[in-house]
Structures are given as structure tokens and as C-alpha cells.
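Notes to accompany the following structure.
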Amino acid sequence: MNPKPDDRRDNVQRIQENIDNTLKNISLANDMIAKSDNPDEIQNMKEKNVRREEALSKMICEIRDEALANKNNMK
């Protein structure tokens, strides 16, 4: 069985969907933080949001790289 060829045509769209979902999760967590009385839960959600923000910056770099690669491949 042959491996599938690397199809990167939809990477920008897929990464954008991940960015959108991450932003939504950050917003939802912030809403939960504002409503929660549990300090452990608040701390946990804040830590998750820090990790989400770190992932977000990496995804933004990745989407730039993919968009540039797509542009260069179209030439």
C-alpha cells in the first residue's frame, strides 16, 4: 500500500478553523472564569487559556507559512 501524497491545499483553511475554535474556547473560558466561585477551577481555566494563547501564536505563524508556500507554489 502506497502512502498518501502530501496534500497541503486545505492547510490554510484547516489552520484557520483551529484558530477560530481556539479563540472561541478562550472566550468561553473567560466567561466561565467570570461566573465561577471555585478558585481551583478558575486557576485551571486561566492556565488552559495561557496554553491556548501560546498555541494561537504558533498557529498564526503556521498559517502565514502555509499561505506563503501556497502563493509560491502558484507561481
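Residue numbers for the sequence shown follow our numbering, beginning at 51 and rising by one. A virtual CB, placed ideally from N, CA and C, is assigned to each residue, including glycine. For clarity, every value in this text was computed on a predicted model and none was experimentally measured.
task = Leaving aside the five residues before and after ALA105 along the sequence, list all residues of the same chain whose C-beta is less than 7 Å from its C-beta, in chain order.
result = By one-based count along the sequence shown, residue 105 stands at place 55. Closer than 7 Å at Cβ, skipping near neighbours: THR72.
request  = Report, in whole angstroms, the separation of the C-beta atoms of CYS109 and ILE83, which I expect to be a contact under 8 Å.
outcome  = The residue you call residue 109 lines up with position 59 of the sequence shown. The residue you call residue 83 lines up with position 33 of the sequence shown. The amino acid at residue 109 is misidentified as Cys; the sequence shows Met. With 8 Å as the limit, MET109 and ILE83 do not qualify as a contact, their Cβ atoms being about 22 Å apart.
task = Would you mind giving the Cβ-Cβ distance between ILE76 and ARG102, rounded to the nearest angstrom? I have them listed as a contact below 8 Å.
result = Mapped onto the sequence shown, residue 76 falls at position 26. Mapped onto the sequence shown, residue 102 falls at position 52. That pair is a contact at about 5 Å.
key: Other residues of its chain near GLU116: CB distance less than 8 Å, five sequence neighbours each side excluded   = On the sequence shown, position 66 is the one that residue 116 refers to. Here the set comprises ARG58, ASN61, VAL62 and ILE65.
task = Taking LEU78 as the reference, give the member of ASN122, ASN99, LYS54 and CYS111 with the closest Cα.
result = Within the sequence shown, the letter at position 28 stands for residue 78. Residue ASN99 is the option with its Cα nearest to LEU78.
request  = Count the other C-beta atoms from every protein chain shown that fall within 10 angstroms of the C-beta of MET95, then say buried if there are 16 or more, exposed otherwise.
outcome  = As a first step, residue 95 must be located in the sequence shown, where it is residue number 45. When all chains shown are included, MET95 counts as buried.
inquiry  = Can you look up SER77 in the DSSP assignment and give me helix, strand or coil?
reply    = For this step, residue 77 is matched to residue 27 along the sequence shown. SER77: helix per DSSP, three-state reduction.
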